[in-house]
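Chains as they are written, first to last, in the UniProt record's numbering: chain A, 1 to 276; chain B, 1 to 276; chain C, 1 to 276; chain D, 1 to 276.
Virtual Cβ for every residue (Gly too), placed ideally from N, Cα, C.
Protein chains: 4
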Amino acid sequence: MENKKDKRHWKVKLHEIIYEADTPEGKWFDIILILAIIASIILVMLESIESFDTKYHDFLNISEWIITILFTIEYIARIISIKKPKNYIFSFYGIIDLLATIPKYLSLIFVGTHALIALRAIRLLRVFRILKLVRYSGASRILISALKSSRIKIIVFLFVVILLTIILGTIMYLIEGPKNGFTSIPQSMYWAIVTLTTVGYGDISPQTPFGQFIASIVMILGYGIIAVPTGIVTSELAKTDNFVPKNTQHCPSCNAEKHLDNSIFCHKCGEKLLND
Amino acid sequence: MENKKDKRHWKVKLHEIIYEADTPEGKWFDIILILAIIASIILVMLESIESFDTKYHDFLNISEWIITILFTIEYIARIISIKKPKNYIFSFYGIIDLLATIPKYLSLIFVGTHALIALRAIRLLRVFRILKLVRYSGASRILISALKSSRIKIIVFLFVVILLTIILGTIMYLIEGPKNGFTSIPQSMYWAIVTLTTVGYGDISPQTPFGQFIASIVMILGYGIIAVPTGIVTSELAKTDNFVPKNTQHCPSCNAEKHLDNSIFCHKCGEKLLND
Amino acid sequence: MENKKDKRHWKVKLHEIIYEADTPEGKWFDIILILAIIASIILVMLESIESFDTKYHDFLNISEWIITILFTIEYIARIISIKKPKNYIFSFYGIIDLLATIPKYLSLIFVGTHALIALRAIRLLRVFRILKLVRYSGASRILISALKSSRIKIIVFLFVVILLTIILGTIMYLIEGPKNGFTSIPQSMYWAIVTLTTVGYGDISPQTPFGQFIASIVMILGYGIIAVPTGIVTSELAKTDNFVPKNTQHCPSCNAEKHLDNSIFCHKCGEKLLND
Amino acid sequence: MENKKDKRHWKVKLHEIIYEADTPEGKWFDIILILAIIASIILVMLESIESFDTKYHDFLNISEWIITILFTIEYIARIISIKKPKNYIFSFYGIIDLLATIPKYLSLIFVGTHALIALRAIRLLRVFRILKLVRYSGASRILISALKSSRIKIIVFLFVVILLTIILGTIMYLIEGPKNGFTSIPQSMYWAIVTLTTVGYGDISPQTPFGQFIASIVMILGYGIIAVPTGIVTSELAKTDNFVPKNTQHCPSCNAEKHLDNSIFCHKCGEKLLND
Chain A
1 MENKKDKRHW KVKLHEIIYE ADTPEGKWFD IILILAIIAS IILVMLESIE SFDTKYHDFL
61 NISEWIITIL FTIEYIARII SIKKPKNYIF SFYGIIDLLA TIPKYLSLIF VGTHALIALR
121 AIRLLRVFRI LKLVRYSGAS RILISALKSS RIKIIVFLFV VILLTIILGT IMYLIEGPKN
181 GFTSIPQSMY WAIVTLTTVG YGDISPQTPF GQFIASIVMI LGYGIIAVPT GIVTSELAKT
241 DNFVPKNTQH CPSCNAEKHL DNSIFCHKCG EKLLND
Chain B
1 MENKKDKRHW KVKLHEIIYE ADTPEGKWFD IILILAIIAS IILVMLESIE SFDTKYHDFL
61 NISEWIITIL FTIEYIARII SIKKPKNYIF SFYGIIDLLA TIPKYLSLIF VGTHALIALR
121 AIRLLRVFRI LKLVRYSGAS RILISALKSS RIKIIVFLFV VILLTIILGT IMYLIEGPKN
181 GFTSIPQSMY WAIVTLTTVG YGDISPQTPF GQFIASIVMI LGYGIIAVPT GIVTSELAKT
241 DNFVPKNTQH CPSCNAEKHL DNSIFCHKCG EKLLND
Chain C
1 MENKKDKRHW KVKLHEIIYE ADTPEGKWFD IILILAIIAS IILVMLESIE SFDTKYHDFL
61 NISEWIITIL FTIEYIARII SIKKPKNYIF SFYGIIDLLA TIPKYLSLIF VGTHALIALR
121 AIRLLRVFRI LKLVRYSGAS RILISALKSS RIKIIVFLFV VILLTIILGT IMYLIEGPKN
181 GFTSIPQSMY WAIVTLTTVG YGDISPQTPF GQFIASIVMI LGYGIIAVPT GIVTSELAKT
241 DNFVPKNTQH CPSCNAEKHL DNSIFCHKCG EKLLND
Chain D
1 MENKKDKRHW KVKLHEIIYE ADTPEGKWFD IILILAIIAS IILVMLESIE SFDTKYHDFL
61 NISEWIITIL FTIEYIARII SIKKPKNYIF SFYGIIDLLA TIPKYLSLIF VGTHALIALR
121 AIRLLRVFRI LKLVRYSGAS RILISALKSS RIKIIVFLFV VILLTIILGT IMYLIEGPKN
181 GFTSIPQSMY WAIVTLTTVG YGDISPQTPF GQFIASIVMI LGYGIIAVPT GIVTSELAKT
241 DNFVPKNTQH CPSCNAEKHL DNSIFCHKCG EKLLND
């Protein structure tokens with residue numbers, strides 16, 4: 001019985017270290033994990049630079065194995081320390097943690113088959129490890145909630161953009177034609193998006209005077225359209241800001257609201273406020 | 001008499017299927033129509049890709065005929081099921097529906113004349129079928145009303161932009177001249193719009209130091225100008241948002257919502273509201 | 001005496017036609033003037049297109065003379081019909097009207113001297129005729145007042161942008177150097193403005209990895225900076241909107257305006273308001 | 001003793017001239033300093049233009065020495081006229097003033113060693129002299145406070161941008177590959193930033209249809225993301241505006257400010273406010 005209690009105690013402690021951050025061990029666990037994630041992302045980047053990869057291939061490979069083993073231990077620890085492992089395994093973070101761990105193991109299997117593209121795709125899958133960091137950025141919730149509440153407006157906006165893109169792309173395909181780089185409607189739509197969003201690579205640009213005239217209208221349209229998402233997000237953020245109750249105090253005498261944070265007396269009736 | 005009643009009944013039912021969406025048949029009709037529109041747009045796009053068109057020409061042609069016949073049936077059904085067909089035929093949607101149907105028939109006529117450009121224009125007319133989708137996006141009304149109420153400001157803004165474009169285009173034409181790509185005032189105006197809207201293709205760009213200095217001023221101006229439509233739309237959207245009833249009162253009799261803050265009687269049933 | 005009265009009457013009538021728009025003749029005068037200005041601007045543009053100019057040189061020349069004579073008559077009429085001609089001559093519109101008239105006369109003088117560049121500059125001076133249209137766009141006052149009241153913020157903003165441009169331009173000049181297109185600090189500053197404003201021509205772009213890293217920071221900075229003028233103008237416009245008296249009630253006693261919608265007594269004199 | 005008093009008097013006067021601007025001498029000191037800073041910056045720029053430097057090398061060198069000596073005098077004067085020189089020397093302005101003075105002296109040392117790149121870097125260090133101007137732009141405090149209070153949102157926003165950049169950069173590196181200019185993940189990330197910020201140089205642009213499709217999504221994302229900092233800054237600036245006490249009432253008893261417009265009693269001491 002004591003053994004069982006001990007075991008439970010050990011699991012509870014592990015759970016505390018991994019899932020919470022109020023013990024010193026929990027904090028150290030989080031810091032090491034964050035550093036490992038950042039190191040891992042830098043490794044993926046460095047590996048993609050050919051001149052660096054050929055020079056330090058062994059160093060990159062060994063570092064990658066160390067990080068993979070670290071993530072494997074973390075993944076197993078997370079599963080055994082939680083009461084209902086299924087809840088974790090099939091959660092957003094569970095899937096991200098798995099995707100962060102397996103690529104290196106998979107690369108062992110594919111080495112023989114010489115499936116180079118598949119191998120490259122798998123190696124790059126490791127970049128999604130960065131999503132492990134999302135766990136540590138609670139404040140992103142504000143942005144997500146702002147985006148969520150303006151969901152319908154954004155969909156309508158995207159619908160209008162796609163509609164415009166298709167019509168403008170088709171018109172420019174007709175005016176400029178394949179000889180000026182507008183080889184097909186999808187290609188023209190790509191140009192329309194590049195122009196509407198004011199990115200303007202210049203890889204495709206209108207050559208005929210009439211095409212340039214239409215393009216000018218598209219640009220001014222894009223100018224107006226850029227205002228719409230800004231307006232949506234701004235008014236959403238302004239609302240979120242206002243929604244945060246700045247002072248929730250009510251006057252004990254007349255029930256008036258909107259007291260300043262450092263008010264001592266009610267601004268309506270002069271009654272002393274109850275400050276805790 | 002029974003026959004007449006039956007016929008009327010049949011027309012009413014057709015009207016219900018086509019114009020409303022609360023019966024299962026009405027819903028199915030809408031879904032099929034939306035899918036047909038999207039399929040049709042994809043066909044137009046694929047047809048414009050030369051390599052695809054030469055390979056699957058017959059498939060594209062047959063698919064196009066199927067969709068054209070489907071739209072023809074829809075068009076006729078809409079006319080016969082409505083009481084006053086003229087109201088539909090000359091409405092925005094009626095014209096769009098007609099434009100969505102005729103291009104394929106017209107292409108039969110023009111085949112003999114070898115009027116290639118006309119044929120291409122007609123074929124591309126089909127892209128406006130996408131406007132048939134507007135019927136299904138009721139929420140676009142918010143954006144349109146926001147644009148409408150800031151109509152005057154937008155016209156003033158466009159007037160200022162055109163005025164700036166003409167003056168800046170002329171100045172740059174004088175400074176840079178034809179040898180640096182600014183071949184004429186309209187061409188320079190095209191450059192001015194490309195720059196003011198921050199698109200910046202780079203197909204025409206100032207080469208002389210003085211031209212680059214003026215261009216820098218134009219860019220910072222553009223930076224400031226981009227703020228104006230955003231400001232207009234944001235303050236309009238903020239106003240629209242305020243219109244959404246903050247007043248959460250429900251009528252005690254009919255449960256209606258959206259009362260003004262100082263309403264005393266329900267705007268639906270006239271019952272006195274319970275104001276605290 | 002009657003002659004004098006007649007003459008005065010004639011001057012008053014001319015003044016009414018030119019300076020006001022409530023008589024039919026005044027309206028016609030305005031419409032003809034606006035059309036003449038637009039026609040004149042189109043002529044300047046067409047003249048700058050070489051192929052068009054060589055083909056229709058005589059037509060352009062004659063049209064230009066007709067418009068010049070028209071503007072001359074307008075200028076003289078404005079002077080003789082006003083009581084204090086100096087007030088008009090040295091006003092903004094007076095100077096613009098003069099600049100709109102003289103270029104063609106000046107071109108007669110310069111024809112002999114073959115001072116081609118001076119001639120070209122004079123010819124292009126005519127483009128400022130478009131400023132004559134400003135007279136007819138009263139609503140631009142809203143934008144101007146919004147810009148005026150955010151004057152200080154805009155100056156601070158411009159100071160920050162210039163400061164950033166100088167520092168970033170110097171850093172990039174040091175990193176990339178003349179061999180990558182950053183030939184001097186002013187040239188690098190031009191690049192910094194092109195990048196900060198998100199125009200991005202691509203005529204000069206960083207080639208070294210470190211330069212690209214700094215450029216990335218510049219772009220994200222530009223992203224943040226673009227927000228500042230938008231924020232300034234938006235909050236100004238929002239304020240201007242609130243200032244427009246929605247409530248058109250006038251106090252029956254003191255004629256005060258800007259009452260709240262639910263005001264019962266005048267906020268100036270305490271008189272009871274007449275609510276219908 | 002009188003000598004000591006005199007000396008103190010002299011120091012006090014110097015302090016007044018240098019650190020304050022309410023005496024005529026203090027104003028002149030400021031104006032001369034601002035002009036010297038601007039002249040110095042222009043010298044640095046002109047020196048970087050090779051053709052100008054070879055032609056006017058002596059003029060630039062002498063002017064630079066004059067400005068350096070002027071700044072040296074200012075630096076020494078600032079140190080001796082202040083009570084606690086350490087407070088000044090290690091302050092932001094103290095460091096800037098030092099950096100503005102030493103480059104020319106350092107260039108004397110490095111002349112022998114032919115360390116050209118170091119010499120160039122030192123020469124360009126002089127550009128930071130422009131930060132001396134910050135002393136004179138008190139209004140920048142508004143912008144800085146707006147940025148400070150939206151600190152957390154900006155960090156979250158930057159985190160999201162970096163996260164997106166890494167993921168999008170990796171995906172595009174996989175799709176387009178080194179043959180289309182996406183030579184490594186850092187290079188692809190550079191492209192992602194160029195695109196997300198709507199700069200769009202066009203030095204690297206997607207060539208494959210699938211790459212162009214992903215790029216289109218990136219651009220529309222960037223379009224949406226551009227709205228976020230604008231929204232943040234706008235709502236911050238709007239708040240700052242509101243914070244400016246519109247109500248100028250002071251409590252007659254405790255002199256507290258920031259009363260609400262309809263307050264009857266002081267929120268600090270409960271005293272009745274004097275409403276007119």
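Quick one: any contact between the region 14-31 of chain D and the region 145-162 of chain C, if contact means 3 or more CB pairs under 8 angstroms?
no
Contact list for A121 (chain D) against chain C, beta-carbon separation under 8 angstroms:
L174
Less than 8 angstroms between CB atoms is the rule here; does S188 (chain B) satisfy it with respect to chain A?
no
Which residue wins for smallest C-alpha separation from L36 (chain C), given the options C:G224, C:L124, C:T68?
Here residue 36 (chain C) turns out to be Ala, not Leu, going by the sequence shown. It is C:T68.
According to the neighbour-count rule (16 or more other Cβ atoms, all chains shown, within 10 Å of its Cβ), is A39 (chain C) buried or exposed?
exposed
Between which two residues does the alpha helix (DSSP H) carrying Q187 (chain D) extend?
185-196
Pull out every residue of the region 220-236 of chain C whose Cβ sits closer than 8 angstroms to any Cβ of chain D, in chain order.
I220, G222, Y223, G224, I226, A227, V228, T230, G231, I232, T234, S235
Starting from V160 (chain C), find everything on chain B with Cβ-Cβ shorter than 9 angstroms and list it in chain order.
Under the 9 angstroms cutoff, chain B gives no residues; its nearest Cβ is about 12 angstroms from V160 (chain C).
Which chain D residues are close to T198 (chain C), counting only those with a beta carbon under 7 angstroms from its beta carbon?
T197, T198, V199
Is E16 (chain C) close to chain D, meaning its C-beta is less than 8 angstroms from at least one C-beta of that chain?
no
On the premise that T170 (chain A) lies in contact with S188 (chain A), defined as a C-beta separation below 8 angstroms, what is that separation, rounded to the nearest angstrom?
7 angstroms
Going by other Cβ atoms of all chains shown within 10 Å of its Cβ, with 16 needed for buried, is V12 (chain C) buried or exposed?
exposed
At a CB-CB cut-off below 7 angstroms, which residues of chain A make contact with G202 (chain C)?
G202
Kindly indicate if chain C contains any beta-carbon less than 8 angstroms away from that of T170 (chain B).
yes
Buried or exposed: P85 (chain D), going by 16 or more other Cβ atoms within 10 Å of its Cβ?
exposed
Along the alpha helix (DSSP H) that carries D203 (chain B), what are the first and last residues, could you check?
Run containing D203 (chain B): none; DSSP gives neither H nor E here.
Quick check on L163 (chain A) - is its C-beta less than 8 angstroms from some C-beta in chain E?
Given the protein chain composition of this structure (A, B, C and D), no chain E is represented.
L124 (chain A) CB to nearest chain D CB: under 8 angstroms?
yes
If you measure from the beta carbon of S145 (chain D) to each beta carbon in chain A, is any gap under 8 angstroms?
no
Does the Cβ of residue 285 (chain B) have 16 or more other Cβ atoms within 10 Å, making it buried, or fewer, making it exposed?
Residue 285 (chain B) is absent from the model: chain B starts at 1 and stops at 276.
Helix, strand or coil for I220 (chain A), going by three-state DSSP, please let me know.
helix
Using a cut-off of 7 angstroms between C-beta atoms, extract the partners of S216 (chain D) located in chain A.
Y190, I193
Whole beta strand (DSSP E) elements within the region 75-132 of chain A, 3-residue minimum:
none
Residue range of the alpha helix (DSSP H) that E20 (chain B) falls in?
First-last for E20 (chain B): undefined, no H or E at that position.
Bounding residues of the alpha helix (DSSP H) (the contiguous stretch that carries S160 (chain B))
The sequence given here has Val at residue 160 (chain B), not Ser. 151-176 is the span of the alpha helix (DSSP H), which, as asked, contains V160 (chain B).
Since residue 336 (chain C) contacts I34 (chain D) with CB under 8 angstroms, what's their CB separation in whole angstroms?
The structure shown does not extend to residue 336 (chain C), since chain C is modelled only from 1 to 276, so the question has no answer here.
Just reading off the alpha helix (DSSP H) that F52 (chain B) is part of, what are its end residues?
50-55
CA-to-CA distance, K55 (chain B) to residue 330 (chain D), given in whole angstroms
Outside the shown range of chain D (1 to 276) lies residue 330 (chain D), about which nothing can therefore be said.
Below-8 angstroms beta-carbon distance, Y19 (chain A) vs any chain B residue
no
Of all the options B:T183, B:N87, B:F90, which has the alpha carbon lying nearest to the alpha carbon of P209 (chain A)?
B:T183
C-beta neighbour in chain A for S205 (chain D), strict 8 angstroms
yes
Tell me which residues share the same chain as L125 (chain C) and place their Cβ nearer than 7 angstroms to its Cβ, disregarding the 5 neighbours each side in the sequence.
L99, P103
Decide if W191 (chain A) is buried, meaning its Cβ has at least 16 other Cβ atoms within 10 Å, or exposed.
buried
Could you confirm whether any beta carbon from chain C is found closer than 8 angstroms to the beta carbon of S184 (chain B)?
yes
Mind listing the chain C neighbours of S48 (chain D)? Cutoff is C-beta to C-beta under 7 angstroms, in chain order.
Y173, S184, I185
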